[in-house]
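Chemist: Numbering (our numbering), first residue to last: 147 to 489. One structure is given below, represented as structure tokens, and several questions about it will come after.
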Ligand SMILES: NC(=O)c1ccc[n+]([C@@H]2O[C@H](COP(=O)([O-])OP(=O)(O)OC[C@H]3O[C@@H](n4cnc5c(N)ncnc54)[C@H](OP(=O)(O)O)[C@@H]3O)[C@@H](O)[C@H]2O)c1
């Protein structure tokens, strides 16, 4: 049990979100496969996780229109599944308890306007997301990736209209370039449109690129950062130290296994040893590191964690009670700096 869940305002808004956000890109899965050979999502296990999340006061949930829960990249037979599962599970609760984030841009249909950030695609996809989630509004709607083929002002005006119509309460972006974020913020100001309150970006002990690029922009505009892949997709856990477990992400995807070089595994082993010395787990150390950096960087950072088992969630929640001293921070950053991306 976490001592007491802390809530923070999401960027410049009055929206209160828990210190930890639960992601749904990958959900718990079964060994049973569907007619396409893709593992099925374990809805019961996800229900257990959501129950615990609610009991602990976690109110912040991240999804996207394209997510499936057990497949990535997602083919068009499987898009929308994570929103559907989440929608089903949310029925157990009062919708108003939650802050639900979803995203738009990725391909949802084969036709020319089946992807992107045009007004047409956004207007179609918000209706679809609301249906799948079985709700009448989304708290925070994010552009998932940039769409260079659509004028930014068209996207911002479409998002603004969604807010005005009450279908979306707040907006933000994900994976936009630093210049793109600035341009969007300035255009919104110039045209008096609703502007972003958050950006969702990859951030973890093994990938700190945004510290130099997007953190200064977030600080300038008061945007909150939703830090995705805080455990580097599972690399910052001990799971790969003894091989690649069945149904793990490195088994399910084509990319993660490439990081598991001898040298990188040594980095993870050393970090794991430090965690043991501190009597915490490696995932707890990695999440606590992000929460520590938030103070140092002077910007709100909320880790968006993914879990495929109830035990993972329990483990990760306990990170909220872990405090790291400066010596430890220095030590783990020096070790993590030896980690290399695959070529
Ligand atoms: N905006 C974007 O473009 C974007 C991109 C990526 C993610 N996201 C969002 O961010 C969320 C989190 O991303 P992520 O799933 O990559 O995050 P992550 O927290 O870095 O990795 C999650 C994976 O780590 C493993 N794991 C988690 N806790 C564990 C524990 N205590 N012990 C052992 N293993 C543990 C699980 O791997 P196994 O599944 O192998 O068991 C889990 O699926 C996503 O669900 C999604 O909502 C957004």
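The C-beta atom is built at its ideal place from N, Cα and C for all residues, glycine as well.
For residue 323, tell me which candidate among 334, 304, 291, 339 has the shortest Cα-Cα distance.
Modeler: Measuring from the Cα of residue 323, the nearest candidate turns out to be 291.
Chemist: Identify the continuous alpha helix (DSSP H) that holds residue 233 and give its terminal residues.
Modeler: Residue 233 -> alpha helix (DSSP H) spans 227-236.
Chemist: Buried or exposed: which applies to residue 162, given that a residue is buried once 16 or more other Cβ atoms fall within 10 Å of its Cβ?
Modeler: exposed
Chemist: What residue range does the beta strand (DSSP E) around residue 162 cover?
Modeler: 162-164
Chemist: Can you tell me whether residue 312 is buried or exposed? The criterion is at least 16 other CB atoms within 10 Å of its CB, across all chains shown.
Modeler: exposed
Chemist: Out of 423, 153, 413, 379, which one is the CA nearest neighbour of residue 397?
Modeler: 379
Chemist: Under 9 Å, do residue 157 and residue 344 count as touching if we go by C-beta distance?
Modeler: yes
Chemist: Quick check on DSSP: helix, strand or coil for residue 271?
Modeler: helix
Chemist: Which stretch, first to last residue, makes up the alpha helix (DSSP H) that contains residue 344?
Modeler: Run containing residue 344: none in the alpha helix (DSSP H); it sits in the beta strand (DSSP E), 342-348.
Chemist: Which residue from 309, 247, 359 puts its Cα closest to that of residue 325?
Modeler: 359
Chemist: For residue 176 and residue 185, I'd like the C-alpha separation in whole angstroms.
Modeler: 6 Å
Chemist: By DSSP, does residue 326 sit in helix, in strand, or in coil?
Modeler: helix
Chemist: Residues in the same chain with beta-carbon distance under 7 Å from residue 444, minus the five sequence neighbours each way, listed in chain order, please.
Modeler: 365
Chemist: Which stretch, first to last residue, makes up the alpha helix (DSSP H) that contains residue 429?
Modeler: 428-443
Chemist: Which two residues bound the contiguous beta strand (DSSP E) that contains residue 175?
Modeler: Looking at the DSSP string, the run of the beta strand (DSSP E) that includes residue 175 is 175-179.
Chemist: Taking the beta strand (DSSP E) that residue 289 falls in, what are its first and last residues?
Modeler: 284-289
Chemist: Considering only their Cβ atoms, is the gap separating residue 170 from residue 226 smaller than 9 Å?
Modeler: no
Chemist: Give the range of the beta strand (DSSP E) segment to which residue 199 is assigned.
Modeler: No beta strand (DSSP E) holds residue 199; the alpha helix (DSSP H) holding it covers 189-202.
Chemist: Report whether the distance from the Cβ of residue 293 to the nearest heavy atom of ligand 1 is below 8 Å.
Modeler: no
Chemist: Under the three-state reduction of DSSP, which class applies to residue 309: helix, strand or coil?
Modeler: helix
Chemist: Tell me whether residue 473 is buried or exposed, calling it buried when 16 or more other Cβ atoms sit within 10 Å of its Cβ.
Modeler: Per the 10 Å Cβ criterion, exposed.
Chemist: Within 8 Å: the Cβ of residue 170 and any heavy atom of ligand 1?
Modeler: yes
Chemist: In or out: residue 392 buried (at least 16 other Cβ within 10 Å) or exposed?
Modeler: It is exposed - the Cβ of residue 392 has fewer than 16 other Cβ atoms within 10 Å.
Chemist: Which residues in the same chain have their Cβ closer than 8 Å to the Cβ of residue 407, if we skip the five residues on either side of it in sequence?
Modeler: 486, 488
Chemist: Where residue 361 and residue 181 are concerned, what is the direct C-alpha to C-alpha distance, given to the nearest angstrom?
Modeler: 44 Å
Chemist: Is residue 364 near ligand 3 - that is, is its Cβ less than 8 Å away from at least one heavy atom of it?
Modeler: Of the ligands this structure carries, namely ligand 1, none is ligand 3.
Chemist: Are there 16 or more other CB atoms within 10 angstroms of the CB of residue 401, so buried, or fewer, so exposed?
Modeler: Exposed.
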